[in-house]
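One structure below.
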């Protein structure tokens, strides 16, 4: 009986050793057509790169969803991409923008952990809800830039008063914490806790 167990264990060990993947002695070049980017969406559209901008998920709940963008990783390049709005595939999936048509970046300046974003004057036509969401898009996108914790939005070089998430207006620097509930969570939903009656 003991011999049979020992033989079974030896046989199982031999099978496992024969199925294992052996280590290469030197690095192996992977052909370009076989390379895959880990975690990338296989959409084949322009939503790629390392930069993140925030669009509005109009198809579901109107909250902000981050999407990837290629191109320059400096603030000016990222906001130029945000201001361009969703690409065709994103628009087809229900993503949109509340940023006004014709918005242009005058300049973007970083100092310590703050970004000052200067744009042209195109916000007059937005409703109160659209304005809050548009400002949240800018603030959320700024927060994705390395080292940026707060943002000031200027119009043609002048400081402005902007609405935060609860509708109050402020002239201070803005952070993502001013817009609770505006951004979709990347956390998966937790399963329901069973009740004592189940």
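Numbering (this note's numbering), first residue to last: 4 to 201.
No residue lacks a Cβ here, since even glycine has one placed at the ideal position from N, Cα and C.
Keep in mind it's a predicted model, so treat the numbers as computed, not measured.
Extent of the continuous beta strand (DSSP E) to which residue i belongs
{"i": "residue 113", "result": "108-114"}
{"i": "residue 175", "result": "It is not in any beta strand (DSSP E) - residue 175 carries neither H nor E in the DSSP assignment."}
Beta-bridge pairing of residue i - partner residues as DSSP gives them
{"i": "residue 121", "result": "110 and 157"}
{"i": "residue 59", "result": "67 and 99"}
{"i": "residue 166", "result": "172"}
{"i": "residue 54", "result": "72"}
{"i": "residue 186", "result": "67"}
Contact under 7 Å by Cβ, residue i with residue j
{"i": "residue 52", "j": "residue 73", "result": "yes"}
{"i": "residue 153", "j": "residue 176", "result": "yes"}
{"i": "residue 57", "j": "residue 144", "result": "yes"}
{"i": "residue 168", "j": "residue 181", "result": "yes"}
{"i": "residue 116", "j": "residue 150", "result": "yes"}
{"i": "residue 55", "j": "residue 147", "result": "yes"}
{"i": "residue 106", "j": "residue 125", "result": "yes"}
First through last residue of the alpha helix (DSSP H) which encompasses residue i
{"i": "residue 138", "result": "131-146"}
{"i": "residue 86", "result": "78-86"}
Integer Cβ distance of residue i from residue j, believed to fall under 8 Å
{"i": "residue 157", "j": "residue 127", "result": "In fact, because the Cβ distance is near 16 Å, the residues do not count as touching under 8 Å."}
{"i": "residue 186", "j": "residue 102", "result": "Contact flag wrong, Cβ pair sits at about 16 Å."}
{"i": "residue 123", "j": "residue 110", "result": "That pair is no contact at about 11 Å."}
{"i": "residue 59", "j": "residue 85", "result": "With a Cβ gap of about 12 Å, residue 59 and residue 85 do not count as contacting."}
{"i": "residue 202", "j": "residue 134", "result": "No answer is possible for residue 202: it lies beyond the span of the chain, which begins at 4 and ends at 201."}
{"i": "residue 138", "j": "residue 178", "result": "Rounded, the Cβ-Cβ distance is 12 Å, inconsistent with contact."}
{"i": "residue 93", "j": "residue 70", "result": "6 Å"}
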